[in-house]
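Visitor: Here it is: the structure, laid out below.
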Amino acid sequence: MILVKYSALSEASELIGPCVGEDTIILSLLNGIDSEEILRESFGEKRIPRSFIQGGAVKEGRNISFTSMGKIMYGYDGLSKEENRQNENIDALEEFFNRCGIPNRVSFDIVYEQWYKFMSNISMNIPSAILLAPYGVFMENQRLVALVEEICFEVIAVANRCGVPLSCNDVKRLISIFPGMQADGKSSTMQDVEAKRKTEVDMFCQTIVNLGKKHGVLTPYNRMMLDFVKIKEDMHGM
């Protein structure tokens with residue numbers, strides 16, 4: 001399992017190379033939508049299903065707090081539901097996680113689910129980092145909720161051009177979870193900014209900007225957020 005920051009993915013790929021054998025399965029539990037593609041260039045598609053984690057945590061110094069256990073989601077893109085059920089790598093992962101008591105679920109629509117989380121991360125992590133706003137602000141401030149919606153619509157336009165069926169219903173689903181969030185919870189990107197660490201804005205906004213250019217979709221919100229976070233990184237000497 002690879003659980004590094006996006007900026008360390010290439011180095012991690014090089015380091016694990018000598019350890020990868022014929023039966024090795026690689027899970028990349030990074031946020032974003034392209035880490036599997038990057039790893040598949042080195043290790044092939046067969047051994048790398050798509051995957052991500054549902055859940056969140058707050059890191060303060062050496063302490064990590066969370067309100068609920070995360071869940072590992074995984075599955076192969078390009079395979080049908082039945083083909084995923086019968087895939088030996090998926091079976092091996094499910095057996096391993098269940099034996100270890102690790103919450104997990106096989107996804108039969110992994111690309112859509114990965115993009116939904118991607119949209120959630122972009123529309124919440126980046127504004128929260130720019131504003132230094134914990135999740136409670138998303139619960140209370142309607143201007144911020146409206147901004148989240150506009151950012152989501154931008155991601156949806158790009159996703160649809162990429163063949164991913166995100167829709168306005170997904171925006172409603174995202175907004176509906178706001179009341180249940182931990183008010184003092186912080187996104188990982190906000191935590192990076194507060195700690196003056198390099199963020200993963202390239203994995204989020206830069207990816208959407210690049211895909212927008214490729215497919216002829218305007219992405220002004222993502223372009224602006226990318227610039228704001230990059231300016232913060234410049235101010236912190238990164």
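Residue numbers (the UniProt record's numbering): 1 to 238. Don't be surprised by glycine CBs; every beta carbon is placed ideally from N, CA and C. The model shown is predicted, which means the values in this text are computed figures rather than measured ones.
When you compare only the Cα positions, how much space is there between Leu-93 and Arg-143?
Guide: 43 Å
Visitor: I need the boundaries of the alpha helix (DSSP H) containing Gly-136, first residue and last residue.
Guide: In this chain, the alpha helix (DSSP H) harbouring Gly-136 covers 135–140.
Visitor: Under a Cβ-count criterion, where at least 16 other Cβ atoms within 10 Å of its own Cβ denotes burial, should Leu-211 be classed as buried or exposed?
Guide: The residue is buried, with at least 16 neighbouring Cβ atoms inside 10 Å.
Visitor: Tell me the start and end of each unbroken alpha helix (DSSP H) in the UniProt domain "Ketopantoate reductase N-terminal" (2–76) that is at least 4 residues and wholly inside, in chain order.
Guide: 9–16, 35–43
Visitor: Between the beta-carbon of Glu-36 and the beta-carbon of Ile-53, is there less than 8 Å?
Guide: no
Visitor: Is the beta carbon of Ile-130 closer than 8 Å to that of Met-203?
Guide: no
Visitor: Cys-162: which of Ile-2, Glu-83, Tyr-112 sits nearest, CA to CA?
Guide: Tyr-112
Visitor: Taking the DSSP output, what are the residues bridged to residue 240?
Guide: A question about residue 240 goes unanswered here, because the residues of the chain that appear run from 1 up to 238.
Visitor: Let me check understanding here. Comparing Cα to Cα, which of Tyr-116, Gly-75, Ile-122 lies closest to Arg-105?
Guide: Checking every option, the nearest Cα to that of Arg-105 belongs to Gly-75.
Visitor: On the three-state DSSP scale, how would you describe Val-106?
Guide: DSSP, reduced to helix, strand and coil, places Val-106 within a strand of the structure shown.
Visitor: Rounded to a whole number of angstroms, what is the C-alpha to C-alpha distance between Thr-199 and Ser-120?
Guide: 16 Å
Visitor: Indicate the three-state DSSP secondary structure (helix, strand or coil) for His-215 in the structure shown.
Guide: helix
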